[in-house]
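The sequence shown begins at 5 in the numbering used here and counts up by one.
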Amino acid sequence: KLCEGILNILEKDTKTSCQVACLEALRILSRDKKVLVPVTTKRNMQILMKLAKLDTEEDPLERVSEFPVIVEALKCLCNIIFNSSAAQKLSLELNLAAMLCNLLQKCKGRQLVDDIKCFDLRLLFLLSLLHTDIRSQLRQELQGVQVLTQALESSLSVRWTEEYKAAEDRDRAPLSLQETDCAIEALKALFNVTLDSWNVHSENESHQFRYMAAILRHCLLTTGPTEEKTEELH
């Protein structure tokens, strides 16, 4: 009942601070699988997707003031999808992976979007881990390898000297914590999406995997903000 009450408030046009507080409460509650059973419905998923700006044709990143709401809504969706098989099935029906790829591409070249990008990637990782049909959809329909590789390239700030050769800068500063976390989430999602890709059929796929291999090599030469984060990245 508490979750339902929170979602009823979120469905209304309330203040940003109220939305964030409600989403933070829902995120904590959504760690309990028993609590999720009655609230994992198509309507409730759509409420959260709307707050995460996943269902809009307008620029979802137009208002910086709404970024905390987007981040909290994505965090809630991560918990719900991880803990609920019903939510995993609804994700396919609601075309969630396509919307996440779209939002991720909108993040390119934007400021202050690292948290949005990180939880978008985490959600793509969870979907590709928990639902084989979504993993196939990402690979075949949504150009998931390309989208995720570009997100990894952006997080690592790769500079190119040749088509498949990244610039090596021994004096480069370590990645920030946010950049490292984004890169780690992109790597995890890429692993899932390319899991069954041992047989490359087309010239485009060959290009994508050579491009990804060059970025992965660059990744191994990159350091994070701490030894632990560098180890996790590698």
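Virtual Cβ for every residue (Gly too), placed ideally from N, Cα, C.
Within 8 Å, strictly: CB atoms of residue i and residue j
i           : j           : result
residue 83  : residue 34  : yes
residue 110 : residue 64  : yes
residue 195 : residue 130 : no
residue 20  : residue 66  : no
residue 151 : residue 143 : no
residue 186 : residue 122 : yes
residue 127 : residue 190 : no
residue 43  : residue 8   : yes
residue 230 : residue 179 : no
residue 193 : residue 146 : no
residue 30  : residue 58  : no
residue 153 : residue 216 : yes
Where the alpha helix (DSSP H) containing residue i begins and where it ends
i           : result
residue 73  : 71 to 87
residue 221 : 207 to 224
residue 234 : 231 to 237
residue 9   : 6 to 15
residue 21  : 20 to 33
residue 47  : 46 to 55
residue 65  : Segment: none, residue 65 is in no alpha helix (DSSP H) and carries neither H nor E.
residue 40  : 37 to 40
Residue burial classification, residue i (beta-carbon count within 10 angstroms, cutoff 16)
i           : result
residue 48  : buried
residue 37  : exposed
residue 184 : buried
residue 222 : buried
residue 238 : exposed
residue 171 : exposed
Mind pulling the alpha helix (DSSP H) runs of 4 or more residues that sit fully within the stretch 109 to 186? 118 to 134, 136 to 144, 148 to 160
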